[in-house]
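Chain order of the listed sequences is A and B.
Going left to right, the first sequence walks through residues 2 to 255 as the numbering used here numbers them.
Going left to right, the second sequence walks through residues 2 to 255 as the numbering used here numbers them.
2 protein chains.
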Amino acid sequence: MNSETISNKNALPNDTTVGQKDIKTILKELESEGIIGISVDCVIFGFDDNELKVLLIKSDFQQYDNKWSLLGDLVNNHEDLDEAAYRVLHERTGMEDVYLEQVKAFGETGRHPAARVVTIAYCSLINIEHHQLKILANELHWHRVTTLSEMAFDHRKILDACYVWLQKRIQEHPLGFSLLPRKFSLRELQNLYEAILDVKLDRRNFRKKFFSMDLLEDTGELETDVPHRPGKLYRFNYEKYQKKERKKWFGIDF
Amino acid sequence: MNSETISNKNALPNDTTVGQKDIKTILKELESEGIIGISVDCVIFGFDDNELKVLLIKSDFQQYDNKWSLLGDLVNNHEDLDEAAYRVLHERTGMEDVYLEQVKAFGETGRHPAARVVTIAYCSLINIEHHQLKILANELHWHRVTTLSEMAFDHRKILDACYVWLQKRIQEHPLGFSLLPRKFSLRELQNLYEAILDVKLDRRNFRKKFFSMDLLEDTGELETDVPHRPGKLYRFNYEKYQKKERKKWFGIDF
DNA sequence: CTAACATTGTGTATTCTTTACACAGACTAA
DNA sequence: TTAGTCTGTGTAAAGAATACACAATGTTAG
Numbered sequence: 002m003n004s005e006t007i008s009n010k011n012a013l014p015n016d017t018t019v020g021q022k023d024i025k026t027i028l029k030e031l032e033s034e035g036i037i038g039i040s041v042d043c044v045i046f047g048f049d050d051n052e053l054k055v056l057l058i059k060s061d062f063q064q065y066d067n068k069w070s071l072l073g074d075l076v077n078n079h080e081d082l083d084e085a086a087y088r089v090l091h092e093r094t095g096m097e098d099v100y101l102e103q104v105k106a107f108g109e110t111g112r113h114p115a116a117r118v119v120t121i122a123y124c125s126l127i128n129i130e131h132h133q134l135k136i137l138a139n140e141l142h143w144h145r146v147t148t149l150s151e152m153a154f155d156h157r158k159i160l161d162a163c164y165v166w167l168q169k170r171i172q173e174h175p176l177g178f179s180l181l182p183r184k185f186s187l188r189e190l191q192n193l194y195e196a197i198l199d200v201k202l203d204r205r206n207f208r209k210k211f212f213s214m215d216l217l218e219d220t221g222e223l224e225t226d227v228p229h230r231p232g233k234l235y236r237f238n239y240e241k242y243q244k245k246e247r248k249k250w251f252g253i254d255f
Numbered sequence: 002m003n004s005e006t007i008s009n010k011n012a013l014p015n016d017t018t019v020g021q022k023d024i025k026t027i028l029k030e031l032e033s034e035g036i037i038g039i040s041v042d043c044v045i046f047g048f049d050d051n052e053l054k055v056l057l058i059k060s061d062f063q064q065y066d067n068k069w070s071l072l073g074d075l076v077n078n079h080e081d082l083d084e085a086a087y088r089v090l091h092e093r094t095g096m097e098d099v100y101l102e103q104v105k106a107f108g109e110t111g112r113h114p115a116a117r118v119v120t121i122a123y124c125s126l127i128n129i130e131h132h133q134l135k136i137l138a139n140e141l142h143w144h145r146v147t148t149l150s151e152m153a154f155d156h157r158k159i160l161d162a163c164y165v166w167l168q169k170r171i172q173e174h175p176l177g178f179s180l181l182p183r184k185f186s187l188r189e190l191q192n193l194y195e196a197i198l199d200v201k202l203d204r205r206n207f208r209k210k211f212f213s214m215d216l217l218e219d220t221g222e223l224e225t226d227v228p229h230r231p232g233k234l235y236r237f238n239y240e241k242y243q244k245k246e247r248k249k250w251f252g253i254d255f
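What follows is the structure, given as structure tokens:
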């Protein structure tokens, strides 16, 4: 079910048997009683084949037949927003220890055709290699973010906002590592940054920068299965990062 | 009414006659029907007397008797989230052209004692000099952000989040000017930054920085009523700012 | 087995940015 | 007229960002 699907609380994540009639009935109820629904939508990014990907499903909603949609669900009355986002993520990907952060609420009156639904967008980053999609309902698929076809609801707008958020956030916070295997080469790291920021970076300066931050640990291992000289594999030292003295205050610039 | 007060849609902003019984009844209805309420809360910052201030009212909620609370209200079914925030702001301050930005949604299950209410926090910045508080219901007052007494609900947490957001945002976006009169001296500008960031800055370097951005216009006027040599008054050139080539991409640092 | 290919690993010079720092001039108040 | 307080200005030194080239290591194709 996608974010805009009104489901009963016991519905399984891959329960797509809830007919459209039911959904519409529930939406009508909400609408007629002047009740605003709340959902979460997860923009789940992955990195594979040197490209940033996003996980989408086909909308079950008739108006958006054949359009792609984010993964989401209504928030249950007994769960926090964050919990709801983790639940959606878990139901869809089977992953639990995942980077997840709230990005923005979207609440325009016209965003859902059948009822008023405010959605809270979450951004999550997962390492595609460490993950097999288990539940393939609704044609769950990874999509390149650079070439996206039309999307359902205002999901394109949400995705764009999350992408911009990611571009900014990745530069000031080491989230990028969540998208890579635990051991990675500097080339992979640079590819990640280049793909997300859509820039070309100087290889030597990139290395210098990361080494000077002193957060990468040499594992002593080398890449395998590359058709050229293998690079060293590094791992990110989260502990060191936590302990690190936080950045200078005062970087006014606009 | 504060953000957590459940009001009927036609209630006037200064209508504090809605009794607590009514509110509780409505909350109980929401609660018993498993409906999640949605509100907006505005963290309205002002700058006066070289200090950052925030606009608060006394909570009408019995549990939080005598505690301070943010300005907010339930979102009407027919209005966007942003509209709701502007409405609250307008109702409270009479101002319309104001800096307003969404910061974060707060939706923990236990945040409201009587019902489940998800709130979307907005940050707004107003120039205290250009504004007279018109509606003084609920002891509407400016408070120093550095010395805050206990607050109702999770409003302290919301305020803190907005303050951190402001500290960060003010360094990369020229919001600070919304807190100052249209014509200001560099001293006032520096005081603003020092107060918000809670740092001491070098006066010469501060000037150099702002002049090098080339966004301040000399008005030709001087300060008046200062007990010392008057400084020049500047105004911020928003047009130039809009046209300005946006900052370099790639500033990885964490 | 060797040549062509692809990618790793490394250092320096130049420019730009940030920081630290001091003194003369303007206006007020007593 | 003097003491007080703030304005306005420049330079030197340290640090960060950029631009740039070549030898070494492994793979693959012939």
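A virtual CB, placed ideally from N, CA and C, is assigned to each residue, including glycine.
Within 8 Å, strictly: CB atoms of residue i and residue j
| i | j | result |
| --- | --- | --- |
| L187 of chain A | G232 of chain A | yes |
| F185 of chain B | Y235 of chain B | yes |
| L180 of chain A | L126 of chain A | yes |
| L141 of chain A | M152 of chain A | no |
| Q103 of chain A | K105 of chain B | yes |
| W115 of chain A | E240 of chain A | Here residue 115 of chain A is Ala; the residue named in the question, Trp, does not match the sequence. Their beta carbons are not under 8 Å apart, which means A115 of chain A does not touch E240 of chain A by this criterion. |
| F154 of chain A | S70 of chain A | yes |
| I136 of chain A | R183 of chain A | no |
| V89 of chain A | V146 of chain A | no |
| Q172 of chain A | G252 of chain B | yes |
Span separating the alpha-carbon of residue i from that of residue j
| i | j | result |
| --- | --- | --- |
| V1 of chain B | L53 of chain B | As displayed, chain B neither begins before 2 nor continues past 255, which places residue 1 of chain B out of reach and without an answer. |
| L176 of chain A | F48 of chain A | 12 Å |
| E189 of chain B | R117 of chain A | 45 Å |
| D254 of chain B | L28 of chain B | 46 Å |
| H132 of chain A | K245 of chain A | 31 Å |
| I37 of chain A | I129 of chain B | 35 Å |
| D66 of chain A | N192 of chain B | 56 Å |
| D215 of chain A | H144 of chain A | 34 Å |
| Y164 of chain B | H113 of chain B | 22 Å |
| G95 of chain B | D74 of chain B | 16 Å |
| A138 of chain A | Y87 of chain B | 41 Å |
| F237 of chain B | L101 of chain B | 18 Å |
| H91 of chain B | A85 of chain B | 10 Å |
| R247 of chain A | K209 of chain A | 20 Å |
| L223 of chain A | T148 of chain A | 33 Å |
| T110 of chain A | K158 of chain A | 15 Å |
| D98 of chain B | H174 of chain B | 18 Å |
| S213 of chain A | N51 of chain A | 25 Å |
| F107 of chain B | F107 of chain A | 14 Å |
| A162 of chain A | H156 of chain A | 10 Å |
| D219 of chain A | F211 of chain A | 12 Å |
| E34 of chain A | S150 of chain A | 35 Å |
| T225 of chain B | L217 of chain A | 56 Å |
| T26 of chain B | F46 of chain B | 33 Å |
| R230 of chain B | Y194 of chain B | 22 Å |
- Message: Pairs of beta-carbons, one from the region 116-126 of chain B and one from the region 40-48 of chain B, closer than 8 Å: are there three or more?
- Response: yes
- Query: In chain order, what residues of the region 182-209 of chain A put their CB closer than 9 Å to some CB of chain B?
  - Reply: Y194, L198, D199, V200, L202 and F207
- Can you list the beta strand (DSSP E) stretches of 3 or more residues lying completely in the region 167-252 of chain B, in chain order? 217-223 and 233-237
- Query: Fully enclosed by the region 76-161 of chain B, which alpha helix (DSSP H) runs are 4 residues long or longer?
  - Reply: 82-94
- Message: Using a Cβ-Cβ cutoff of 7 Å, what residues of the region 93-117 of chain B are near chain A? List them in chain order.
- Response: Q103, K105, A106, G108, E109, T110 and R117
- Can we say the region 70-82 of chain B touches the region 76-87 of chain A, given the rule of at least three CB pairs closer than 8 Å? no
- Determine, using beta-carbon pairs with one atom in the region 190-198 of chain A and one in the region 155-174 of chain A, whether at least three such pairs fall under 8 Å. yes
- Query: Are three or more beta carbon pairs between the region 57-68 of chain A and the region 202-209 of chain A nearer than 8 Å?
  - Reply: no
- Query: Closer than 7 Å, Cβ to any Cβ of chain A: which residues of the region 144-165 of chain B, in chain order?
  - Reply: none
- the region 214-242 of chain B: which residues have C-beta closer than 9 Å to a C-beta of chain A, in chain order? M214, L216 and Y242
- Query: When you check each C-beta in the region 63-81 of chain B against every C-beta of chain A, which residues fall closer than 8 Å?
  - Reply: V76, N78, H79, E80 and D81
- Return the residues of the region 37-60 of chain A that lie within a Cβ-Cβ distance of less than 7 Å from chain B, sorted by chain order. I37 and I39
- Message: Counting only Cβ-Cβ distances shorter than 7 Å, please list the residues of the region 118-133 of chain B near chain A, keeping chain order.
- Response: V119 and I121
- Segments of 3+ residues assigned as beta strand (DSSP E) that fall wholly inside the region 31-81 of chain A: Those beta strand (DSSP E) runs which fall completely within the region 31-81 of chain A and span 3+ residues are 38-49, 52-59 and 72-75.
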